[in-house]
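A.B. asks: This is the structure I have questions about; it appears just below.
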Amino acid sequence: MNARIAIVFIALLSTGPAFAQGAVSKGQLRLPEFAGLSEKASESVNVTFGPEVLGMAVRFLGTDPEATAAKKLVTSLTGIYVRNYTFDKDYAYPKSDIDGVRRQLSAPGWTRMVETRSRKENTDVDVYMLIENGRAQGLAIIASEPREFTIVNIVGNIDLEQLHDLQKLGVPDLELETAKKPEPAKAAAAPTPAPRK
Amino acid sequence: MTENFEDELRRALRPVQAPAGFAERVMRALPERRDSVVTPIAMQATARPPNYWQRLRAPAALAASLVLAVVLGQRMALYQQQQEEAAGFAASQELLQALRVTSQKLDLAYQAVKNPPEAGAEENRS
């Protein structure tokens, strides 16, 4: 009996730290700290919004069209994580950190929707989506340019149709519905989902 | 001489029977017995009845404390509300900025897909 109690106690002790670390929710990436980059960058945007902060931010959004569209989009989300750094000189950021994030996106469920490689402008943009049961549960954008790199991770029940509301923020129609309902007719116009990494 | 003196002294101090009724007379002559009254020194000093303001001092202090507590509580609540509003407003601005960055990068991908490179160009899009 005592041995059983001891085993349970040890098991609880061993699993405790895992809970304490806060397992990331589905669709959430473990973004690097990018320590020191903020000092080197001429501009930086570092947004880490979990469910609580996101809820508070939504409450304080205004009523202008931009805010209304944002509110509608964000309501079903549980997290928004953005790392954006702009530098005064080329490639002042560690590409290894970005590659580490890319590796996370090779996990099952993630699908690369868009992959662009421009050697002319040295710009790479990848758009990934985590789709489960026909619904997008996560969105990740990795954009690396010579003097700027951006990682966007949006977590939650993403309604792709609501992504169109982002057009009010200046986002054009990306025709991402094709990910939910692939249509051969649209395939030519829409970005072709790349094979999973 | 000495013996005579001693004898005279002994005769003078010999026990004498009290006259009849002596004890009763003495007891009657004594004042009536009363319980002792102890008056504290502090009470003696403030023996005068408190005036109007002195009587109000304690309730006034209590009322002032209550008013101060209420006012301070209100100020604290107001301060916390202002802090929360400031944090919420800042969070909403950061949220909009995050969405703007997202839209810019989606636009970057869109432009790359929408304007495919000419054949032979050194670009790779999928």
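Chains as they are written, first to last, in numbering that gives the first Met the number 0: chain A, 0 to 196; chain B, 0 to 125. Even glycine gets a Cβ: it sits at the ideal position worked out from N, Cα and C.
How long is the line joining the alpha carbons of V69 of chain B and F59 of chain A, rounded to whole angstroms?
C.D. replies: V69 of chain B and F59 of chain A: Cα-Cα distance of roughly 29 Å.
A.B. asks: Looking at C-alpha atoms only, which residue of A:V154, A:A34, A:G78 and A:V52 is the closest neighbour of Q136 of chain A?
C.D. replies: If we check each option's Cα against that of Q136 of chain A, A:V154 comes out closest.
A.B. asks: Using the C-alpha atoms, what's the distance from R33 of chain B back to R10 of chain B?
C.D. replies: If you take the alpha carbons of R10 of chain B and R33 of chain B, they lie about 41 Å apart.
A.B. asks: Go ahead and pull the three-state DSSP assignment for Q82 of chain B.
C.D. replies: Q82 of chain B falls in the helix class under three-state DSSP.
A.B. asks: Kindly provide the ranges of any alpha helix (DSSP H) runs that are 4 or more residues long and lie completely inside the region 21-78 of chain A, ordered along the chain.
C.D. replies: Counting whole runs of 4 or more residues, the region 21-78 of chain A contains the alpha helix (DSSP H) stretches 36-39, 50-58 and 64-73.
A.B. asks: Are the C-beta of Q96 of chain B and some C-beta of chain A separated by less than 9 Å?
C.D. replies: With 9 Å as the cut-off, Q96 of chain B counts as an interface residue toward chain A.
A.B. asks: Expressed to the nearest angstrom, what Euclidean distance is found between the alpha-carbon atoms of A91 of chain A and A142 of chain A?
C.D. replies: Each residue's Cα considered, the two are about 15 Å apart.
A.B. asks: Closest by CA to A69 of chain A, which one among B:L71, B:Q92, B:N50 and B:E83?
C.D. replies: Checking every option, the nearest Cα to that of A69 of chain A belongs to B:Q92.
A.B. asks: Quick one: what's T110 of chain A bridged to in DSSP?
C.D. replies: In the DSSP output, where bridge partners are listed per residue, T110 of chain A has A:M128.
A.B. asks: Would D125 of chain A be called buried (16 or more neighbouring beta carbons within 10 Å of its own) or exposed?
C.D. replies: With 16 or more Cβ atoms within 10 Å of its Cβ, D125 of chain A is classed as buried.
A.B. asks: Work out the CA separation of T115 of chain A and V170 of chain A for me, nearest whole Å.
C.D. replies: Per-residue confidence for V170 of chain A stands at a pLDDT of 49, beneath the threshold of 50, marking its modelled position as unreliable; the derived number appears in the next sentence. Rounded to the nearest angstrom, the two C-alpha atoms are 17 Å apart.
A.B. asks: List, in order along the chain, the chain B residues whose C-beta lies closer than 9 Å to that of F86 of chain A?
C.D. replies: Under the 9 Å cutoff, chain B gives no residues; its nearest Cβ is about 15 Å from F86 of chain A.
A.B. asks: Report all residues from its chain with a CB closer than 8 Å to the CB of I97 of chain A; omit the five preceding and five following residues, and keep chain order.
C.D. replies: Taken in chain order, the residues that qualify are I141, S143, F148 and I150.
A.B. asks: Indicate whether T77 of chain A and P107 of chain A have their beta-carbon atoms separated by less than 9 Å.
C.D. replies: No, the Cβ-Cβ distance between T77 of chain A and P107 of chain A is not below 9 Å.
A.B. asks: Tell me, please, whether the CB atom of V112 of chain B is closer than 9 Å to any CB atom in chain A?
C.D. replies: Taking Cβ atoms only, chain A reaches closer than 9 Å to V112 of chain B, which makes this a yes.
A.B. asks: I need the DSSP call for E120 of chain A, collapsed to helix, strand or coil.
C.D. replies: Note: E120 of chain A maps to coil in three-state DSSP.
A.B. asks: Under a CB-based cut-off of 9 Å, is E65 of chain A close to chain B?
C.D. replies: Yes - at least one Cβ of chain B is within 9 Å of the one on E65 of chain A.
A.B. asks: Between G21 of chain A and S102 of chain B, what straight-line distance do the alpha-carbon atoms span, to the nearest angstrom?
C.D. replies: The predicted model places G21 of chain A with a pLDDT of 48, which falls under 50 and marks its position as unreliable; any figure quoted below should be read in that light. Computed Cα separation, rounded: 29 Å.
A.B. asks: State the CB to CB distance for the pair V44 of chain A and Q110 of chain B, rounded to an integer number of angstroms; the pair is presumed to be in contact (CB under 8 Å).
C.D. replies: With 8 Å as the limit, V44 of chain A and Q110 of chain B do not qualify as a contact, their Cβ atoms being about 21 Å apart.
A.B. asks: Take the Cβ of F33 of chain A as the centre, count every other Cβ of all protein chains shown within 10 Å, and call the residue buried at 16 or more, exposed below.
C.D. replies: That one is buried.
A.B. asks: Would a C-beta distance cut-off of 9 Å place L28 of chain A and V81 of chain A closer than the cut-off?
C.D. replies: In this structure, V81 of chain A does not lie closer than 9 Å to L28 of chain A by Cβ.
A.B. asks: Looking at the structure shown, is V170 of chain A part of a helix, part of a strand, or coil, going by DSSP?
C.D. replies: With a pLDDT of 49 at V170 of chain A, under the threshold of 50, the modelled position of this residue cannot be trusted; read the value that follows with caution. Coil at V170 of chain A, not helix or strand.
A.B. asks: By the three-class DSSP mapping on this structure, what secondary structure does G198 of chain A have?
C.D. replies: Residue 198 of chain A lies beyond the residue range present for chain A, which begins at 0 and ends at 196; the question has no answer from this structure.
A.B. asks: Is DSSP giving T85 of chain A helix, strand or coil here?
C.D. replies: Three-state DSSP puts T85 of chain A in a strand.
A.B. asks: Specify, as a first and last residue, the run of the beta strand (DSSP E) that V151 of chain A falls within.
C.D. replies: E147 to I157 is the extent of the beta strand (DSSP E) around V151 of chain A.
A.B. asks: Please report the straight-line C-alpha distance between S95 of chain A and K88 of chain A, rounded to a whole angstrom.
C.D. replies: Between S95 of chain A and K88 of chain A, the C-alpha separation is close to 18 Å.
A.B. asks: For T1 of chain B, count neighbouring C-beta atoms within 10 Å of its own C-beta (all shown protein chains included) and say buried if the count is 16 or more, exposed if not.
C.D. replies: T1 of chain B should be labelled exposed.
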